[in-house]
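Here is the structure we will look at, set down as structure tokens.
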Amino acid sequence: MANCTPFIKWAGGKRRVIPELEKRLPKKFNRYFEPFIGGGAFLFYLQHHTSSISDMNGELINLYLTVRDSVDELIADLELHENSSDYFYNIRNLDRDLNSYNQLSNVERASRFIYLNKSCFNGLYRVNSKGQFNVPFGKYKKPIYFDRENLERCSQFLQKVDIRLGDFTVFRDEVQKGDFFYFDPPYFPVTETSNFTSYTKDGFGLDEQKRLLEFAKEIDSKGGYFLISNSYSPEILEFYRDFYIDIIEVGRAINSKGSGRGRVKEILVRNYHLNS
Ligand SMILES: C[S@@+](CC[C@H](N)C(=O)[O-])C[C@H]1O[C@@H](n2cnc3c(N)ncnc32)[C@H](O)[C@@H]1O
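Throughout the sequence shown, residue numbering follows numbering that gives the first Met the number 0, covering 0 to 275 in sequence.
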């Protein structure tokens, strides 16, 4: 399969962790599932023949569907964007008026998503309580919005990927023996300042982490495999005490405070022995 890489920047993107994830793949598995897809770094790296992805962020899922189904129209639209503050705020503020926003085509929404992602401050995705995108202009000199060949390769790979909008349990009824789930949820905060859990309008608190634990146990009981990334925190270590837990060190790219950049400990939890 031709190489393809994420077409958006994403907080918590897994590009740097790929070698650690790859080392811990089950020896053999049937279908691949990634329910918190974000930028999809591991999905595009693996390019497993049978993959299913989901996310709760509707704009993000519309983007994946558009790259899959209408990549030429998307590229044509992406070529129209301009790098100026006025233009950025015009595009950003389209979602302030829901009547006009709903008139946008799926391609226009996807194109807006990529443009904002590559032009806004740090490539963050953040919406206010009304669901309005509120990250300021990033003031990049020459942002590159897209790489045509890469986008086309991603589109080609996505042709046979099942893409769903929904909660991370959206594939619950389909879990079978031999399936492999990689979960990269919003991390449980280690301290107040490292809290970065508002990817969508609804945060991802302790109750959500518990729901993920329950779903992981269900996958385990059905003979599936799971690998979960999370923060190195007492709560998460306690949750997964019955499974295999590895501690890894990761360089962080996006942090709410610049001073927080550096190496941090994270955990990888799995329900299978590496040699089995
Ligand atoms: C850490 S990011 C995933 C990053 C991804 N692995 C990458 O390489 O870019 C977490 C994702 O979970 C999504 N999310 C948050 N709550 C969710 C939920 N309850 N169900 C499904 N997805 C959710 C967010 O929209 C976000 O895209």
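Cβ atoms here follow ideal geometry from the backbone N, Cα and C, with glycine treated the same way.
Everything numeric in this text was worked out from a predicted model, so none of it was measured.
Quiz item: Roughly how many angstroms lie between the CA atoms of ILE7 and GLY38, to the nearest whole one?
Solution: Working through the sequence shown from its first residue, we reach residue 7 at position 8. Working through the sequence shown from its first residue, we reach residue 38 at position 39. Distance between the alpha carbons of ILE7 and GLY38: 6 angstroms.
Exercise. Tell me VAL263's beta-bridge partners as DSSP assigns them.
Key: As a working note, residue 263 is residue 264 in the sequence shown. Partner(s): VAL249.
Quiz prompt | Segment limits, alpha helix (DSSP H) that includes TYR44 | solution = Taking the first residue of the sequence shown as 1, we reach residue 44 at position 45. From DSSP, the alpha helix (DSSP H) with TYR44 extends over 40-45.
Quiz item: Do LEU20 and TYR181 come within 9 angstroms of each other at the CB atom, strictly closer than that value?
Solution: Along the sequence shown, one-based indexing puts residue 181 at 182. Along the sequence shown, one-based indexing puts residue 20 at 21. Closer than 9 angstroms, so yes.
Quiz prompt | Cα-Cα separation between VAL134 and ASP183, rounded to whole angstroms | solution = Counted from its first residue, the sequence shown places residue 134 at position 135. Counted from its first residue, the sequence shown places residue 183 at position 184. Between VAL134 and ASP183, the C-alpha separation is close to 23 angstroms.
Practice problem: Examine ligand 1 and report whether any of its heavy atoms sits within less than 8 angstroms of the Cβ of ALA215. | Solution: The residue given as residue 215 occupies position 216 in the sequence shown. The answer is no for ALA215.
Practice problem: For LEU59, verify whether its CB is less than 8 angstroms away from any heavy atom of ligand 1. | Solution: Within the sequence shown, the letter at position 60 stands for residue 59. Yes.
Quiz prompt | Extent of the continuous alpha helix (DSSP H) to which SER118 belongs | solution = As a first step, residue 118 is located in the sequence shown; it is residue number 119 there, counting from the start. It spans 105-118 - the alpha helix (DSSP H) in which SER118 sits, taken as one unbroken run.
Practice problem: Quick one: using the 10 Å Cβ neighbour count with 16 as the cut-off for buried, is TYR198 buried or exposed? | Solution: Within the sequence shown, residue 198 is the residue found at index 199, counting from 1. Annotation note: pLDDT 46 at TYR198 (below 50); position unreliable, no value reported.
Quiz item: Which residues in the same chain as ILE235 place their Cβ atom closer than 6 angstroms to its Cβ, once the five residues preceding and following it in sequence are excluded?
Solution: The residue labelled residue 235 in the question sits at position 236 within the sequence shown. Here the set comprises PHE187 and ASN229.
Quiz item: Of all the beta strand (DSSP E) runs that stay within the bounds of the stretch 15-85, which reach a length of 3 or more residues?
Solution: 31-33 and 50-54
Quiz item: What residue range is occupied by the uninterrupted beta strand (DSSP E) comprising ARG163?
Solution: In the sequence shown, counting from the first residue as 1, residue 163 sits at position 164. Taken as a continuous stretch (DSSP letters only), the beta strand (DSSP E) holding ARG163 covers 161-164.
Self-check item: Simplified DSSP state of TYR198, which is helix, strand or coil
Solution: Translated into positions along the sequence shown, residue 198 becomes position 199. Here the model assigns TYR198 a pLDDT of 46, short of 50, so the residue's position is not dependable and the matter cannot be decided.
Quiz prompt | GLU33 classed as buried or exposed, judged by whether at least 16 other C-beta atoms fall within 10 angstroms | solution = Translated into the one-based positions of the sequence shown, residue 33 becomes position 34. Flag for GLU33 reads buried.
Exercise. Within 10 angstroms of the Cβ of ALA215, are there 16 or more other Cβ atoms? Answer buried if so, exposed if not.
Key: Translated into the one-based positions of the sequence shown, residue 215 becomes position 216. Buried is the call here.
Quiz item: If you check the beta carbons only, do LEU267 and ILE218 fall under 9 angstroms apart?
Solution: For the purposes of this step, residue 267 is taken as residue 268 along the sequence shown, with counting starting at 1. For the purposes of this step, residue 218 is taken as residue 219 along the sequence shown, with counting starting at 1. No, Cβ-Cβ distance for LEU267 and ILE218 is not below 9 angstroms.
Exercise. Please confirm whether ARG67 and GLN175 have their CB atoms less than 9 angstroms apart.
Key: Locating residue 67 in the sequence shown gives position 68, counting from the first residue. Locating residue 175 in the sequence shown gives position 176, counting from the first residue. Contact: no.
Exercise. Say yes only if the C-beta of ALA75 is nearer than 8 angstroms to one or more non-hydrogen atoms of ligand 1, and no if none qualify.
Key: Along the sequence shown, one-based indexing puts residue 75 at 76. No - ligand 1 has no heavy atom lying nearer than 8 angstroms to the Cβ of ALA75.
Practice problem: Leaving out five residues on either side along the sequence, give the residues of the same chain with a beta carbon under 8 angstroms from the beta carbon of LYS200. | Solution: Within the sequence shown, residue 200 is the residue found at index 201, counting from 1. Low confidence applies here, because LYS200 scores a pLDDT of 42, under 50, leaving its location unreliable and the question unanswered by this model.
Self-check item: Anticipated Cβ contact below 8 angstroms, ALA109 with THR65, distance rounded
Solution: Residue 109 sits at position 110 when you count from the first residue of the sequence shown. Residue 65 sits at position 66 when you count from the first residue of the sequence shown. Sure, about 4 angstroms apart at Cβ, within 8 angstroms.
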